[in-house]
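Asks: This note's numbering applies: residue 985 is where the sequence shown begins, and numbers increase by one.
Each residue gets a CB set at the ideal place from its N, CA and C atoms; glycine is no exception.
Structure below; questions to follow.
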Amino acid sequence: AKTGFGIGSAGLPSYTVLIEGFNQALDNDVVLSMKQGNVAAPSRVVDDREVHEYFTHHGHRTAVSQRALQAHADPL
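Below, the structure written as structure tokens:
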């Protein structure tokens, strides 16, 4: 089931990918959820040049923000 993406990406493509681990055991497989992202609403109104120059692209902004806001952010 594809859940947990929120309403900001409603109607956009999303995918679930199973990555096989280093052997046939199921306990080392990884499930990745991927989706098309939009530019975050605050990015459209924040006009601080220093903030915009800190991030190299919107994906970088998303990853840095997630790590700052979540206690146990995914290292990937």
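1) Suppose you measure from the CA of P978 to the CA of S1017; what does that come to, to the nearest Å?
2) Going by DSSP in three states, V1023 sits in which element: helix, strand or coil?
3) With three or more C-beta pairs closer than 8 Å as the rule, is the stretch 994-1004 touching the stretch 1023-1040?
4) Tell me which same chain residues have a C-beta within less than 8 Å of the C-beta of P997, skipping the five on either side of it?
5) Please go through the same chain and pick out, in chain order, the residues whose beta-carbon is closer than 6 Å to the beta-carbon of H1036, but skip the five residues on each side of it.
6) So, are the CB atoms of H1042 and V1023 less than 8 Å apart?
7) For Y999, list the residues DSSP reports as bridge partners.
Replies: According to the structure data:
1) The requested residue 978 does not occur in the structure, where the chain is confined to residues 985 to 1060.
2) In the structure shown, V1023 adopts coil according to DSSP, grouped into three states.
3) Contact between the stretch 1023-1040 and the stretch 994-1004 is absent, because fewer than three Cβ pairs lie under 8 Å.
4) These residues qualify, in order along the chain: K1019 and Q1020.
5) Answer for H1036: no residue qualifies.
6) Here H1042 is near V1023, since their CB atoms are less than 8 Å apart.
7) Note: Y999 sits in a beta bridge opposite M1018.
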